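Read top to bottom, the protein sequences are chains A and B. Under the numbering used here, the letters of the first sequence match residues 1283 to 1647, in that order. Under the numbering used here, the letters of the second sequence match residues 109 to 226, in that order.
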Amino acid sequence: MLLRLTDRGLWCEPADVYIDPWAPVARAVITHAHADHLRWGHGHYLVSDSGMGVSCQRLGSYASRVESVPYGRVTTVNGVHFSLHPAGHILGSAQIRVEYRGEVWVVSGDYKTDADSTCAPWEPVRCHTFITECTFGLPIYRWPSQQQVFAEINAWWRENADAGRASMLYGYALGKAQRLLSGLDQSIGPILTHGAVETMTALYRHAGVRMPHTTYATVDQRDPAWSRAIVVAPPSADGSTWVRRFGKSAAAFASGWMQVRGARRRRGVDRGFTLSDHVDWPQLQSAIAATGAERVWATHGFTGPVVRWLREQGYDADAVETRFEGERDDTAVDETSTDVSGAGASPNDTSSADVPLPTAADPGV
Amino acid sequence: MNRFAALYDAIDASTATQSKVAALSAYFSSAPPADAAWAVAFLTGRRPKRLVRAPDLRTWAAQAANIPDWLFEESYAQVGDLAETITLLVPHEDASDGASLAEWVEQRILPLLSLIHI
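Below, the structure is given as structure tokens:
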């Protein structure tokens, strides 16, 4: 096996390189900058060029160990060829292609194949073995078009603004927040951000991604114009004192989990918008087919049903137990979003990255 | 039927009682009486019972979605509500044709009773 699962992560033995390892290793290749894939403590990190900014922000003092390459460029280690290819998940996200003696493996990381102006679109990469996430690996998950979701969000915002209440829109600080921002209609009112969102949004702008004008809502500010505002904040801000300065407000959460009514009700927000950075069921099927892979390993998500389904379709499929988490509907999504003061978290705070939380996607329950 | 669905969405889309009451009030002040009567029946839980057996609904939904029964059950386990599971699984393309709520209930749903063989 060219790649093997060890207690540190997915390991390529002939190169002694790990992909998204969860324990410290000498050499790591990283799919993207979310906390369950990019962790502190490695000796060397390889990321995509466009992921450099967000990765360094997340790594803090480890940033000096990060090297970046353009998508598609091959890095050879002990005769093993590694290259990164767009995954369409967030800015800089990559699938890792690993080739050795004619055998090709691709690790998807997290990915989606539908439209998103904030990152390079997913590209199918031909391979013998495809290691895929399956966060939303059930046929109930079929995303509405991004255009339709943005229209719903803007209509909700307009209705709130006309009724004199601020619109609190919750989504992860890295990736989801910027995708939400990219779809907002600036003519409705001011766009405010939480500190964790503002930090990441600045990095998106720096990488050349078009973002609307945003105002960072600092701790001691208040403004009557905010009753028409939309506030983009990480889920952990919901119910915090930081939110109270906006006065009367309505709350919404943007996530793939919002497809199911029960998940919306448990979340306790007024509205749930179905917007995900992960593949839905139809995307998962077409992505696997596009790789031409004969063998598929399913990592995090609904691995049980996906493996059984793929076997019935004739694939050599197996589940591999990683520590990746996919899209959680839990509040502590990544450590940059748990700091409600908006100042950003300490790079040494690994608490949320290391806590094994039960995922809502656990098919065993 | 579209108006009733919109009412349901509006009630579902807010946690504020005031917004729910406003949506109900707007619906009942404009809906045709026959629709409004059925809306009251459904909203108060007095829906017609046992027109179609639930196991049949599951089988047909799985067929329409082109998935095996076990995958339907996995989906149902995640959603927790049979009607919602079916809604999420069957193809969305052939949506409503504009018939009213009363037409749906009286001309399409209630006649299913005659198909039951005891």
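Positions of the beta carbon are idealized from the N, C-alpha and C atoms, including for glycine. Computed from a predicted model, the values in this text were never measured in an experiment.
Query, Result
"N-terminal and C-terminal residue of the beta strand (DSSP E) that residue 1474/A is part of", "1473-1475"
"Where the beta strand (DSSP E) through residue 1294/A begins and ends", "1291-1294"
"Helix, strand or coil at residue 1444/A according to DSSP, with G and I counted as helix", "helix"
"Buried or exposed (CB count within 10 angstroms, at least 16 for buried), residue 1598/A", "exposed"
"Proximal chain B residues relative to residue 1420/A, where beta-carbon distance stays under 7 Å", "182, 183, 186"
"Paired residues, beta bridge with residue 1377/A - DSSP", "1367/A"
"Alpha carbon of residue 1605/A to alpha carbon of residue 1554/A, nearest angstrom", "27 Å"
"Neighbour flag for residue 1526/A against chain B, beta carbons, 7 Å", "no"
"Chain-ordered neighbours of residue 193/B on chain A, where CB pairs are closer than 7 Å", "1422"
"Neighbour list for residue 209/B in chain A, Cβ cutoff strictly below 7 Å", "In chain order: nothing, as chain A lies at least about 21 Å away."
"Simplified DSSP state of residue 109/B, which is helix, strand or coil", "coil"
"Neighbouring residues, chain A, relative to residue 122/B (Cβ below 9 Å)", "1532, 1552, 1553"
"Contacts that residue 179/B makes with chain A (C-beta to C-beta distance below 7 Å)", "1421, 1587, 1591"
"Residue-level contact to chain A via CB, residue 175/B, 7 Å cutoff", "yes"
"Closest Cα partner of residue 1412/A within the set 1572/A, 1485/A, 1511/A", "1572/A"
"Residue span of the beta strand (DSSP E) that contains residue 1581/A, given as start and end", "1577-1583"
"Cβ of residue 151/B within 7 Å of any chain A Cβ", "no"
"Extent of the continuous alpha helix (DSSP H) to which residue 194/B belongs", "190-197"
"Buried versus exposed, by CB contacts within 10 Å (16 or more), residue 1485/A", "buried"
"Cβ-Cβ distance between residue 1297/A and residue 1362/A below 7 Å", "yes"
"For residue 159/B, the three-state DSSP class (helix, strand or coil)", "coil"
"Cβ-based neighbour list, residue 180/B, same chain, cut-off 8 Å, excluding 5 preceding and 5 following", "166, 169, 170, 173, 193, 197"
"Bridge-paired residues (DSSP) for residue 1554/A", "1535/A"
"Alpha-carbon to alpha-carbon, residue 1477/A and residue 1360/A", "43 Å"
"Sub-7 Å separation of residue 1349/A and residue 1373/A beta-carbons", "no"
"Whole-angstrom C-beta distance between residue 1559/A and residue 1392/A, which should lie under 8 Å", "7 Å"
"Local Cβ density within 10 Å of residue 1318/A, reported as buried at 16 or more and exposed below that", "buried"
"Nearest candidate by alpha-carbon position, reference residue 1461/A, set 1544/A, 1371/A, 1415/A", "1371/A"
"Cα-Cα separation, residue 206/B to residue 113/B", "11 Å"
"Chain-ordered chain B contacts of residue 1596/A [CB-CB under 8 Å]", "The contacting residues do not exist; residue 1596/A stays about 14 Å from chain B at best."
"Residue environment, residue 191/B, which counts as buried when at least 16 other CB atoms sit within 10 Å", "exposed"
"8 Å CB neighbourhood of residue 1488/A in its chain, flanking five on each side removed", "1335"
"Check whether residue 1583/A and residue 1608/A have beta carbons under 7 Å apart", "yes"
"Runs of beta strand (DSSP E) wholly within the region 1477-1549 of chain A (minimum 3 residues, chain order)", "1512-1515, 1531-1536"
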